[in-house]
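Shown next as C-alpha cells:
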C-alpha cells in the first residue's frame, strides 16, 4: 500500500457517504485528480491549480496548454481536466427547463447564446417550442466546414413534426463582420417559413449571433449587445 492509499480511501468513502457538497473546492479537485494521478499528492496539485486559476470553474474551462504551465500538471492531467470541463458544459447545454416560459427574445438568447461560444465554424440550431411557449428541445441542425452552414429544410421539418412543435426558433452564427443577416440568410428564412407554414408550424424567429451581438430577423432590429 502506498503512502497516500489510506488517505485516498478515506476521501472516497467521505464522498460516497456525503456527496461533493461536503467538500471544499480544493478537496473536490483533489478527489478528481485521483483518477489521473494515481501516485502523486493531488492535494498539492489541487492547491496549485486553484492558486493559478481561482476557481474550479476556471480550472475546468482553461486550455490544455494553460493547464500544463501549472506545477504538477502534465499533458495527460491537462487533457483529463479539459475533458471533464467539456463534458460538464455539454450536459449544461443539453439541459433545457421545459417548465419555463419564453416571454421575450432575451429568454431565447439565454438558451441559444452558449451554443455558439468559441465556435470556429458556422452552426445552426433549432429551438422547438410548444403551444404555450415552453421549450421542448434544442437540436443542432448543421455545422459548416468554414464560414457557411447549410440547413436541410426537409430534416428541419421532420424534427419539428416528430417533436410536435407548435413553433420553432432558428439560430445560427456568423464568423465575420456582424450579426446582420446576409441576403442568403433572408432568402433561406423565407423558404423555411413557407415550408413550415404548410405544416402548420410557426417560424417564430431567426436569430443570428456574432461575438457579443445578436440580431432578430423577426423584428428587423439591429445588433444588440448583451451582458447576460
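Numbering (the numbering used here), first residue to last: 1 to 228. Ideal placement from N, C-alpha and C gives every residue a C-beta, glycine not left out.
For residue i, the residue or residues it bridges with in DSSP
| i | result |
| --- | --- |
| residue 206 | 170 |
| residue 140 | 125 |
| residue 216 | 207 and 221 |
Coil, strand or helix - residue i by DSSP
| i | result |
| --- | --- |
| residue 60 | helix |
| residue 13 | helix |
| residue 95 | coil |
| residue 135 | strand |
| residue 1 | Only weak support exists for where residue 1 lies, its pLDDT of 46 falling under 50; the value from the coordinates is given anyway. Here residue 1 sits in coil by DSSP. |
| residue 27 | helix |
| residue 191 | helix |
| residue 228 | Because the pLDDT of residue 228 is 41, which lies under 50, any placement of that residue in the model is unreliable, and the number read from its coordinates should be weighed accordingly. DSSP places residue 228 in coil when its eight states are reduced to three. |
| residue 80 | helix |
| residue 86 | helix |
| residue 6 | helix |
Span of the beta strand (DSSP E) around residue i
| i | result |
| --- | --- |
| residue 124 | 123 to 129 |
Member of the options whose CA lies at the smallest distance from the CA of residue i
| i | options | result |
| --- | --- | --- |
| residue 92 | 133, 138 and 101 | 138 |
| residue 6 | 29, 28, 32 and 41 | 41 |
| residue 136 | 208, 194, 219 and 160 | 160 |
| residue 283 | 105, 44 and 28 | The chain is shown from 1 up to 228; residue 283 falls before or after that span and cannot be answered. |
Where the alpha helix (DSSP H) containing residue i begins and where it ends
| i | result |
| --- | --- |
| residue 21 | Run containing residue 21: none; DSSP gives neither H nor E here. |
| residue 55 | Residue 55 -> no alpha helix (DSSP H), and no H or E assigned at all. |
| residue 158 | 153 to 162 |
| residue 107 | 105 to 112 |
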